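Taking it in order: structure first as structure tokens, then the write-up.
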Amino acid sequence: MKVLIAPDSFKECMNAYEACLAIQEGLYQGEKNIITSLCPLADGGEGTLETLMYAMKGKIEYYKVHGPLMNIIQAPIGFIDNIAIIECAKVCGLELLKENQKNPYQTTSYGLGELIQHALNQEVKHIIICLGGSATNDGGIGMLQALGVRFFNQYYQNVAPTMKGLFDIQDMNQDLLDSRLKNVSIIGVCDVTNPLCGYQGATYIYGPQKGVALGEREMIDQAMKNYAYKVKNLLQCDYMNFPSTGAAGGLGFALKAFLNATLEKGFDVVSTILHLEEFIQDSDVIIVGEGKIDRQTQYGKTPYGVLKIAQKYHKDVFAFAGKVEDLEILKELGFKNVYQITPKDMDLCTALKIGKENLKECVYQHIGEIL
Numbered sequence: 048m049k050v051l052i053a054p055d056s057f058k059e060c061m062n063a064y065e066a067c068l069a070i071q072e073g074l075y076q077g078e079k080n081i082i083t084s085l086c087p088l089a090d091g092g093e094g095t096l097e098t099l100m101y102a103m104k105g106k107i108e109y110y111k112v113h114g115p116l117m118n119i120i121q122a123p124i125g126f127i128d129n130i131a132i133i134e135c136a137k138v139c140g141l142e143l144l145k146e147n148q149k150n151p152y153q154t155t156s157y158g159l160g161e162l163i164q165h166a167l168n169q170e171v172k173h174i175i176i177c178l179g180g181s182a183t184n185d186g187g188i189g190m191l192q193a194l195g196v197r198f199f200n201q202y203y204q205n206v207a208p209t210m211k212g213l214f215d216i217q218d219m220n221q222d223l224l225d226s227r228l229k230n231v232s233i234i235g236v237c238d239v240t241n242p243l244c245g246y247q248g249a250t251y252i253y254g255p256q257k258g259v260a261l262g263e264r265e266m267i268d269q270a271m272k273n274y275a276y277k278v279k280n281l282l283q284c285d286y287m288n289f290p291s292t293g294a295a296g297g298l299g300f301a302l303k304a305f306l307n308a309t310l311e312k313g314f315d316v317v318s319t320i321l322h323l324e325e326f327i328q329d330s331d332v333i334i335v336g337e338g339k340i341d342r343q344t345q346y347g348k349t350p351y352g353v354l355k356i357a358q359k360y361h362k363d364v365f366a367f368a369g370k371v372e373d374l375e376i377l378k379e380l381g382f383k384n385v386y387q388i389t390p391k392d393m394d395l396c397t398a399l400k401i402g403k404e405n406l407k408e409c410v411y412q413h414i415g416e417i418l
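Quick note: the sequence shown uses our numbering, first residue 48, plus one each step.
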């Protein structure tokens, strides 16, 4: 029997490759006579860089740039042939902040622009930017300032490269935008389709997890709209309501408007690069996994993406997660079964520490049904 192991990362617990190994160990503990294929996956968020580098056998280089609080950090770029891969979470992400540091009035995407410049220095032809996990809500003005775009306040001074700067923008100029960007293609990958503004936009939906107070969302969203109107006047393009422009606090908008980027679903990009469909065709059963699986999984999450491809070839898909909700709905969607790896009486802190062991043991316990 051929088993394809194709999980996403388990957030704050293990990356996708580590999850693959834990599942594989659980299978081999119960049955030696199977053939396993490992295909760690990602959807454009945290862990996408590692996943693509593993699959494409690329190399990772580190560069000194500004972090989310304009502090100096070392951030990675992955290289494969003439492609550079950058992950927002590694340069301006929530994972780089402590809980009391989450404040989008102070966080910036400036370092992302610096990483793009480092990629240009290597004369790449394609840049893939993974947009998940950002700590910013600056509409991408931090990134753009690092690349040469200027945003002016009423006194014709440069505005802050943060969300605070959105409130002060009176004029802008892109004459100094790095000209090398004209010679590269840029893809922004993400797992959300939210527009830049409005009740389903960046500020209302994702602002609170980055430190936006609920009562301030309307005011901030209005500042974002004013920014978008000024961009429309400058560039003669209107992407305010374009799908995925709200990704990463508006970075999707900045990439689309100023850098002529295409915005694509992270799962689609990753699964194509990894030849996932070919793996599924060649397998008898598929195992997927993620930190949490519930009814929201059907809206662009990796396990559901795998499921939809597997259903084309009538292959059973079993799922494992740290937390499982809406089991009956998940089965109606087509999962053969979904297992929660965390014992009901285990606290979250402990579960995160021993997630690999829990995953391995849970797979072993259910191997009879899977095989």
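Cβ coordinates follow ideal geometry from the N, Cα and C atoms, glycine included. On a predicted model such as this, the values are computed, not experimentally measured, just so you know.
Inset, instruction - State yes or no: is the C-beta of residue 410 within less than 8 Å of the C-beta of residue 125? - result: Taking the sequence shown and counting its residues from 1, the one referred to as residue 410 is at position 363. Taking the sequence shown and counting its residues from 1, the one referred to as residue 125 is at position 78. Against a cut-off of 8 Å, the Cβ pair of residue 125 and residue 410 comes out as no contact.
Legend entry - Per-residue burial, residue 292 [other beta carbons within 10 Å of its own, 16 or more giving buried]: Locating residue 292 in the sequence shown gives position 245, where the first residue counts as 1. Residue burial is scored here from C-beta neighbours: residue 292 has at least 16 other C-beta atoms within 10 angstroms and is therefore classed as buried.
Inset, instruction - Check whether the region 329-349 touches the region 367-381, counting contact only when three or more Cβ pairs, one atom from each stretch, lie closer than 8 Å. - result: yes
Inset, instruction - Name the residue from 296, 91, 161 whose alpha carbon lies nearest to the alpha carbon of residue 112. - result: The residue labelled residue 112 in the question sits at position 65 within the sequence shown. With distances taken between Cα atoms, residue 112 lies closest to 161.
Legend entry - Contact under 8 Å by Cβ, residue 365 with residue 348: Working through the sequence shown from its first residue, we reach residue 365 at position 318. Working through the sequence shown from its first residue, we reach residue 348 at position 301. Contact: no.
Legend entry - Counterpart residues of residue 190 in DSSP-defined beta bridges: As a working mapping, residue 190 is identified with position 143 in the sequence shown. Note: residue 190 sits in no beta bridge, so no partner.
Legend entry - Limits of the unbroken alpha helix (DSSP H) element including residue 272: Walking along the sequence shown from the start, residue 272 turns up at place 225. It spans 264-282 - the alpha helix (DSSP H) in which residue 272 sits, taken as one unbroken run.
Legend entry - For residue 135: DSSP bridge partner residues: Against the sequence shown, residue 135 aligns to sequence position 88. None; residue 135 has no bridge partner.
Inset, instruction - Report the option in 284, 277, 175 whose CA atom is closest to the CA atom of residue 100. - result: In the sequence shown, the residue the question calls residue 100 occupies position 53. Considering only alpha carbons, the answer is 175.
Legend entry - Contacting residues, own chain, Cβ-Cβ under 8 Å from residue 351 (five flanking each side not counted): Counted from its first residue, the sequence shown places residue 351 at position 304. Excluding sequence neighbours, residue 351 sits near 344, 345, 380.
Inset, instruction - Go ahead and label residue 208 buried or exposed: buried means 16 or more other beta carbons lie within 10 angstroms of its beta carbon, across all protein chains shown. - result: Stepping through the sequence shown from its first residue, residue 208 is reached at position 161. It is buried - the Cβ of residue 208 has at least 16 other Cβ atoms within 10 Å.
Inset, instruction - Identify, in the order they occur along the chain, each residue of the same chain with its Cβ nearer than 6 Å to the Cβ of residue 377, setting aside the five sequence neighbours on each side. - result: Taking the first residue of the sequence shown as 1, we reach residue 377 at position 330. Cβ neighbours of residue 377 beyond the five flanking positions: 385.
Inset, instruction - Identify whether residue 331 lies in helix, strand or coil by the three-state DSSP scheme. - result: The residue given as residue 331 occupies position 284 in the sequence shown. Three-state DSSP puts residue 331 in coil, outside helix and strand.
Legend entry - Three-pair Cβ contact test at 8 Å for the region 84-104 versus the region 132-144: yes
Inset, instruction - Measure the C-alpha to C-alpha separation of residue 323 and residue 262 and round it to an integer number of angstroms. - result: Taking the sequence shown and counting its residues from 1, one reaches residue 323 at position 276. Taking the sequence shown and counting its residues from 1, one reaches residue 262 at position 215. Distance between the alpha carbons of residue 323 and residue 262 is about 44 Å.
Inset, instruction - Could you tell me if residue 396 is buried or exposed, where buried requires 16 or more neighbouring beta carbons within 10 angstroms of its beta carbon? - result: Your numbering for residue 396 matches position 349 in the sequence shown. Flag for residue 396 reads exposed.
Legend entry - Where residue 208 falls: helix, strand or coil (DSSP): As a position in the sequence shown, residue 208 is number 161, starting the count at 1. Note: residue 208 maps to coil in three-state DSSP.
Inset, instruction - Compute the beta-carbon to beta-carbon distance between residue 231 and residue 316, rounded to the nearest angstrom, for a pair I have assumed lies under 8 Å. - result: The count along the sequence shown starts at 1 and reaches residue 231 at position 184. The count along the sequence shown starts at 1 and reaches residue 316 at position 269. Residue 316 and residue 231 do not touch by the CB rule: their CB atoms are close to 16 Å apart, not below 8 Å.
Legend entry - Collapsed DSSP secondary structure at residue 153 in the structure displayed: Working through the sequence shown from its first residue, we reach residue 153 at position 106. Coil at residue 153, not helix or strand.
Legend entry - C-beta contact flag for residue 57 and residue 336 at 8 Å: Counted from its first residue, the sequence shown places residue 57 at position 10. Counted from its first residue, the sequence shown places residue 336 at position 289. Cβ atoms of residue 57 and residue 336: closer than 8 Å.
Legend entry - Cα-Cα separation, residue 198 to residue 140: Numbered from its first residue, the sequence shown carries residue 198 at position 151. Numbered from its first residue, the sequence shown carries residue 140 at position 93. Cα-Cα distance, rounded: 23 Å.
Legend entry - Where residue 243 sits in the DSSP three-state scheme: In the sequence shown, residue 243 corresponds to position 196, counting from 1. DSSP places residue 243 in coil when its eight states are reduced to three.
Legend entry - Minimum C-alpha distance to residue 122 - residue among 164, 235, 62, 211: Taking the first residue of the sequence shown as position 1, residue 122 is located at position 75. Among 164, 235, 62, 211, the Cα nearest to that of residue 122 is on 164.
Legend entry - Same chain only: Cβ atoms within 8 Å of residue 114, ignoring 5 sequence neighbours per side: As a working note, residue 114 is residue 67 in the sequence shown. Only 120, 122, 138, 139, 143, 158 meet the Cβ criterion.
Legend entry - Residue interval of the alpha helix (DSSP H) (run including residue 199): Translated into the one-based positions of the sequence shown, residue 199 becomes position 152. Where residue 199 is concerned, there is no enclosing alpha helix (DSSP H), although the beta strand (DSSP E) it sits in stretches over 197-199.
Inset, instruction - Can you say whether residue 128 is buried or exposed, counting buried as having 16 or more other CB atoms within 10 angstroms of its CB? - result: Position 81 of the sequence shown, counting from 1, holds the residue named residue 128. That one is exposed.
Legend entry - Segment limits, alpha helix (DSSP H) that includes residue 121: The residue labelled residue 121 in the question sits at position 74 within the sequence shown. In the DSSP annotation of this structure, residue 121 is not part of any alpha helix (DSSP H); the continuous beta strand (DSSP E) holding it starts and ends at 119-127.
Inset, instruction - Could you spell out the range, first to last residue, of the alpha helix (DSSP H) harbouring residue 318? - result: Taking the sequence shown and counting its residues from 1, the one referred to as residue 318 is at position 271. 313-320 is the extent of the alpha helix (DSSP H) around residue 318.
Legend entry - Among 353, 389, 356, 355, nearest to residue 368 - alpha-carbon criterion: The count along the sequence shown starts at 1 and reaches residue 368 at position 321. It is 389 whose Cα lies nearest to the Cα of residue 368.
Legend entry - Element boundaries [beta strand (DSSP E), containing residue 177]: Position 130 of the sequence shown, counted from the first residue, corresponds to residue 177. Where residue 177 is concerned, the enclosing beta strand (DSSP E) stretches over 173-177.
Legend entry - Which of helix, strand or coil DSSP assigns to residue 95: One-based indexing of the sequence shown puts residue 95 at position 48. It is helical.
Legend entry - residue 364: first and last residue of the uninterrupted alpha helix (DSSP H) it sits in: In the sequence shown, counting from the first residue as 1, residue 364 sits at position 317. Here residue 364 belongs to no alpha helix (DSSP H); instead the beta strand (DSSP E) covers 363-371.
Legend entry - Cβ shell of residue 358 (< 6 Å), same chain only, five flanking positions each side left out: Counting from 1 along the sequence shown, the entry for residue 358 is found at position 311. 381, listed in sequence order.
Legend entry - Boundaries of the beta strand (DSSP E) in which residue 410 is found, first to last residue: Here residue 410 refers to the residue found at position 363 of the sequence shown. Per DSSP, residue 410 is not a residue of any beta strand (DSSP E); the alpha helix (DSSP H) it occupies stretches across 402-412.
Legend entry - Spatial distance of residue 333 from residue 354 (CA atoms): By 1-based counting over the sequence shown, the position of residue 333 is 286. By 1-based counting over the sequence shown, the position of residue 354 is 307. C-alpha separation (whole angstroms): 9 Å.
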